[in-house]
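The structure appears below as C-alpha cells.
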Amino acid sequence: MARLPEGTLMQRAATGLAHAVAGLLGGVYGRRVVLLVGPGDNGGDALYAGAQLARRGAAVEAWLLAAQAHPAGGDALRAAGGRLVDASDGPPRTSTSPSASPSPSASPSTPDVVVDGIVGIGGRPGLRANAVAALAALQGVPVVAVDVPSGVDVDTGEVDGPHVVADLTVTFGTHKVAHLVDPAAHAAGALHLVDIGLDIGLDTGPDGDLADRPADVTALQPADVAALLPRPAPDAHKYSRGVVGVRAGSATYPGAARLSVAGASCGLVGMVRYVGDASVRAAVQADHPEVVGDGRVQAWVVGSGSDEGARAALEEALADNVPVLVDADALALPDLADLVHGRPGPRRAVLTPHAGELARMLGVDRARVEARPLAHARRAAREYDAVVLLKGHHTLVCRPDGRTAVTTTGTPWLATAGAGDVLGGVIGALLAAGLDPFDAAAVGSWLHGAAATLAAGRGPIRAGDVAAGLPALIGRVMGESMA
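Numbering-wise, the sequence shown is residues 11 to 493 according to the numbering used here.
Structure (C-alpha cells):
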C-alpha cells in the first residue's frame with residue numbers, strides 16, 4: 011500500500027464523523043455542537059470534524075480537557091469560526107488556542123449534540139474527574155462517540171468506572187471488540203462504520219492460509235454465513251444430508267421438545283429424530299409429521315425441559331460419539347465438565363448457557379458474568395473443553411483456544427420463552443450437516459437472530475415465529491450469495 015500524506019487518515023475520519031453528526035442532527039445550519047476533546051488523535055478527529063460543521067453553519071465549541079489538545083485541529087476549528095474552551099479544571103472556560111489562558115465562558119444554550127473525543131482505542135478504562143464533570147454538565151444531550159465511547163475497555167468490552175454512554179458511535183476501518191461485546195457494546199449505541207482506506211490485512215500462515223489467531227473476536231457477516239451453510243449435493247438423499255436427534259422435553263415441559271424440534275426442522279438436514287416421553291412424542295409428531303423415532307444420528311440436542319432425565323439423556327447421546335449440543339437442565343449436572351471433556355474437535359460438545367447458568371457452571375455470581383462476559387465465556391470453554399455459546403444481547407461463541415464469534419443479529423423481542431430451544435435445534439441441525447462445532451454455533455446463532463428480526467418487524471414475536479421463519483431466511487441468505 012502506498013504511503014499516504016501525513017494527516018490523510020485523520021481528515022478522512024473527520025469527514026466521516028462530520029457526515030454522521032449531520033445525519034443525526036438532520037441538518038447543520040444553526041445547530042450548536044460541543045466537542046469534548048482529549049489529548050490524542052480522537053480529539054484531533056473531533057476538532058477537524060467540528061471545523062467542517064462550523065463551515066456549514068453550526069456553532070461549534072470545543073471543550074479542551076487536556077493541556078495538549080491537537081494543535082492543528084484546534085487551529086482548523088478556530089479558522090472555521092469555532093470556539094476553543096478550556097475545560098481542564100471543569101466545564102467550561104474559553105480560550106483562543108489549546109494552550110491559552112482561560113477566561114469566563116458564555117455558553118448561552120443547550121447544545122444539540124455532544125461529540126466524545128476524550129480518549130480513543132489507546133486509552134485506559136475509566137475517565138478523569140474533569141471529563142466526568144463535563145459529561146454531567148451536558149447530561150441529556152445526544153452523544154456521538156469517536157471510535158469508541160470513552161472510558162470503556164476497548165479490548166474486552168468491559169466497563170470499570172465512569173464512561174461515556176453514546177447514542178451513536180462512529181468508528182473507522184473495522185469494528186473493535188468494545189463495539190461487539192457487552193457491556194461496552196450497549197454503551198456504544200448505534201454503530202456507523204467509516205472506510206478511511208486502512209489496510210486491514212489478515213494474518214496468513216506460511217502457505218497463504220489464514221493463520222489461527224486464538225484471541226480474535228469476529229462477527230459473522232451474511233456472506234460468511236452463506237459460505238458455511240450446507241447445500242445438498244446433486245445426488246443427495248435424506249441420510250447423506252444429515253440426521254439430527256433431539257432428546258429434550260418431558261411430560262412437565264412438552265413445549266421444550268416441540269420448539270427444539272421446530273428449530274431442528276428448518277431444512278438444513280434430511281431427517282429429524284425425536285426420543286422422549288410417548289405423550290410428548292405424539293405432540294411433536296402432530297406438529298411435525300415428518301419427525302421419526304430413535305435411530306442413528308450425526309448429532310444430538312440434549313437437555314431443555316428434560317428434568318431429572320437430563321443425565322441419562324446426555325450420557326446416551328455422548329455414547330454415540332457424535333457432536334452433542336447441551337442446554338438447560340443438562341448444564342446443571344455437577345460433573346458436566348468430566349462428561350464432555352476430552353472429546354476431539356469435530357465431536358466437541360456445544361454448551362449453550364445464559365448468564366445465570368454460566369455463573370453456576372463456574373461457581374461465580376451472575377453479576378460477575380454480566381460484567382465480564384467475554385472473559386467468563388472463554389474461561390468456561392477452556393475448563394469444559396467445549397464450545398461455549400453465552401446467550402445475551404450480543405451472543406458470544408467461544409472455543410477452548412479463545413477464538414470468539416459475536417452474534418450481532420437479533421432483536422429485543424427475541425427475549426421470549428422458548429427461543430433458546432429453537433436455537434438449540436438449529437445448531438443441532440448444523441452439527442448433523444457436518445459443520446465444525448464452533449462454526450455450527452456461530453452460524454446457528456446468526457440465523458436465529460436474523461430470523462427473529464425478520465419475524466418481529468416492529469412488533470412482538472413468539473419462539474415459534476422464529477422457527478417458522480428460518481427456511482425462508484436460509485433461502486434468502488443462500489440466494490443473495492449467488493446473486
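For glycine and all other residues, C-beta sits at the position ideal for the given N, C-alpha and C.
Determine whether the beta carbon atoms of L34 and A59 lie at a separation below 9 angstroms.
Residue mapping note: residue 34 aligns to position 24 of the sequence shown, counting from 1. Residue mapping note: residue 59 aligns to position 49 of the sequence shown, counting from 1. Cβ distance not < 9 angstroms, so L34 and A59 don't count as in contact.
R138, DSSP secondary structure in three states
Looking up residue 138 in the sequence shown gives position 128. In this structure, R138 counts as coil in the three-state DSSP scheme.
Report, in whole angstroms, the separation of the C-beta atoms of R93 and A72, which I expect to be a contact under 8 angstroms.
Translated into the one-based positions of the sequence shown, residue 93 becomes position 83. Translated into the one-based positions of the sequence shown, residue 72 becomes position 62. Contact flag correct, Cβ pair sits at about 7 angstroms.
Please report how far the alpha carbon of D165 lies from the alpha carbon of A188, in whole angstroms.
Locating residue 165 in the sequence shown gives position 155, counting from the first residue. Locating residue 188 in the sequence shown gives position 178, counting from the first residue. Cα to Cα, the separation comes out at about 6 angstroms.
Go through its chain and collect everything with a Cβ distance to G53's Cβ below 6 angstroms, but skip five positions before and after it.
Reading the sequence shown from its first residue, position 43 is the one you call residue 53. Contacts found: V47, A79, H80 and G127.
When you compare each of L368, V360 and A146 to A396 by their alpha carbons, which one comes out closest?
Walking along the sequence shown from the start, residue 396 turns up at place 386. Measuring from the Cα of A396, the nearest candidate turns out to be V360.
Determine the direct distance from the alpha carbon of V285 to that of W546, and round the result to whole angstroms.
Nothing about residue 546 can be read from this structure; the chain reaches only from 11 to 493.
Residue range of the beta strand (DSSP E) that A72 falls in?
As a position in the sequence shown, residue 72 is number 62, starting the count at 1. Per DSSP, A72 belongs to the beta strand (DSSP E) from A69 to L74.
Name the DSSP bridge partner or partners of W310?
On the sequence shown, position 300 is the one that residue 310 refers to. Under DSSP, W310 shares a beta bridge with G255 and V334.
Entirely within the stretch 346 to 381 and at least 4 residues each: give me those alpha helix (DSSP H) ranges in chain order.
346 to 350, 365 to 372 and 376 to 381
Using only the alpha-carbon positions, how far apart do G420 and R392 sit?
Reading the sequence shown from its first residue, position 410 is the one you call residue 420. Reading the sequence shown from its first residue, position 382 is the one you call residue 392. Roughly 27 angstroms separates the two Cα atoms.
Where does the unbroken beta strand (DSSP E) through V31 begin, and where does it stop?
Here the question's residue 31 lines up with position 21 in the sequence shown. Per DSSP, V31 belongs to no beta strand (DSSP E); it is in the alpha helix (DSSP H), T18 to L35.
Own chain residues within Cβ distance below 6 angstroms of L19, not counting five before or after:
Here residue 19 is taken as the residue at index 9 of the sequence shown, counted from 1. Only I206 meet the Cβ criterion.
S109 in three-state terms, based on DSSP:
Translated into positions along the sequence shown, residue 109 becomes position 99. With a pLDDT of 41 at S109, under the threshold of 50, the modelled position of that residue is not reliable, and the figure given next carries that caveat. S109: coil per DSSP, three-state reduction.
Contact set for A237: own chain, Cβ-Cβ below 6 angstroms, skip 5 residues either direction:
The count along the sequence shown starts at 1 and reaches residue 237 at position 227. So the list is empty, once near-sequence residues are dropped.
Would you kindly work out how many angstroms separate the C-alpha atoms of F448 and A338, rounded to a whole number?
As a first step, residue 448 must be located in the sequence shown, where it is residue number 438. As a first step, residue 338 must be located in the sequence shown, where it is residue number 328. Counting only the Cα atoms, A338 lies some 19 angstroms from F448.
Which one of L335, Y39 and R388 has the shortest CA to CA distance from A69?
Residue 69 sits at position 59 when you count from the first residue of the sequence shown. The candidate whose alpha carbon is nearest that of A69 is Y39.
Just reading off the alpha helix (DSSP H) that G328 is part of, what are its end residues?
Sequence index remark: in the sequence shown, residue 328 carries index 318 (1-based). Here residue 328 is Leu; the residue named in the question, Gly, does not match the sequence. Residues A320 to L328.
For H9, three-class secondary structure by DSSP:
Beyond the ends of the chain as shown, which are 11 and 493, falls residue 9; an answer cannot be given.
Return helix, strand or coil for R409, following the three-state DSSP convention.
Looking up residue 409 in the sequence shown gives position 399. In this structure, R409 counts as coil in the three-state DSSP scheme.
Buried or exposed: S119, going by 16 or more other Cβ atoms within 10 Å of its Cβ?
By 1-based counting over the sequence shown, the position of residue 119 is 109. S119 should be labelled exposed.
Within its chain, find whatever has a CB closer than 6 angstroms to the CB of R22; leave out the 5 residues flanking it on each side and keep chain order.
For the purposes of this step, residue 22 is identified with residue 12 of the sequence shown, where counting begins at 1. So the qualifying residues of the chain are I206.
Between the alpha carbons of A243 and M371, how many angstroms are there, rounded?
Sequence index remark: in the sequence shown, residue 243 carries index 233 (1-based). Sequence index remark: in the sequence shown, residue 371 carries index 361 (1-based). Answer to the nearest angstrom: the Cα atoms are 40 angstroms apart.
What's the gap between the Cα of Y394 and the Cα of D348?
By 1-based counting over the sequence shown, the position of residue 394 is 384. By 1-based counting over the sequence shown, the position of residue 348 is 338. Cα to Cα, the separation comes out at about 8 angstroms.
Return the Cβ separation of L483 and L457 in integer angstroms, given the expectation that the two are a contact with Cβ distance under 8 angstroms.
Your numbering for residue 483 matches position 473 in the sequence shown. Your numbering for residue 457 matches position 447 in the sequence shown. Their Cβ separation, rounded to whole angstroms, is 6 angstroms, which keeps L483 and L457 in contact under 8 angstroms.
Of all the options V336, P193, D317 and L178, which has the alpha carbon lying nearest to the alpha carbon of V124?
Start at 1 with the first residue of the sequence shown, and residue 124 comes out as number 114. Here the closest residue by C-alpha is L178.
Helix or strand or just coil, what does DSSP make of G91?
Walking along the sequence shown from the start, residue 91 turns up at place 81. In the displayed model, G91 falls within coil according to three-state DSSP, outside both helix and strand.
Who pairs with M281 in a beta bridge, going by DSSP?
In the sequence shown, counting from the first residue as 1, residue 281 sits at position 271. Answer by DSSP bridge pairing, in chain order: V253.
Nearest-angstrom Cα distance between T63 and V180?
Taking the first residue of the sequence shown as 1, we reach residue 63 at position 53. Taking the first residue of the sequence shown as 1, we reach residue 180 at position 170. Here residue 63 is Leu; the residue named in the question, Thr, does not match the sequence. Their backbone Cα atoms lie some 16 angstroms apart in a straight line.
If you drop the 5 nearest sequence neighbours on each side, which residues of the same chain put their C-beta closer than 8 angstroms to that of H298?
For the purposes of this step, residue 298 is taken as the residue at position 288 of the sequence shown. Answer for H298: V271, A272, S275 and V282, listed in chain order.
Please go through the same chain and pick out, in chain order, the residues whose beta-carbon is closer than 8 angstroms to the beta-carbon of D219, but skip the five residues on each side of it.
Position 209 of the sequence shown, counting from 1, holds the residue named residue 219. Only weak support is given to the placement of D219: the predicted model assigns it a pLDDT of 36, under 50, and the question is left unresolved by the model.
Does R223 pass the burial test, meaning 16 or more other C-beta atoms within 10 Å, or should it be called exposed?
Against the sequence shown, residue 223 aligns to sequence position 213. For R223, the predicted model reports a pLDDT of 44, less than 50, meaning its position is unreliable; a value from the coordinates is still stated below. Exposed, by the Cβ-count rule.
V476 vs V432 beta-carbon contact at 9 angstroms
The sequence position of residue 476 within the sequence shown is 466, counting from 1. The sequence position of residue 432 within the sequence shown is 422, counting from 1. Inclusion of V476 and V432 in the CB contact set at 9 angstroms is warranted, their separation being smaller than that value.
State yes or no: is the C-beta of G136 within less than 9 angstroms of the C-beta of G161?
As a position in the sequence shown, residue 136 is number 126, starting the count at 1. As a position in the sequence shown, residue 161 is number 151, starting the count at 1. Yes; because the gap between Cβ atoms is below 9 angstroms, this pair is in contact.
Just tell me which of V204, V153 and T405 has its CA closest to the CA of G454.
Taking the first residue of the sequence shown as 1, we reach residue 454 at position 444. It is T405 whose Cα lies nearest to the Cα of G454.
Check whether the stretch 195 to 204 touches the stretch 224 to 234, counting contact only when three or more Cβ pairs, one atom from each stretch, lie closer than 8 angstroms.
no
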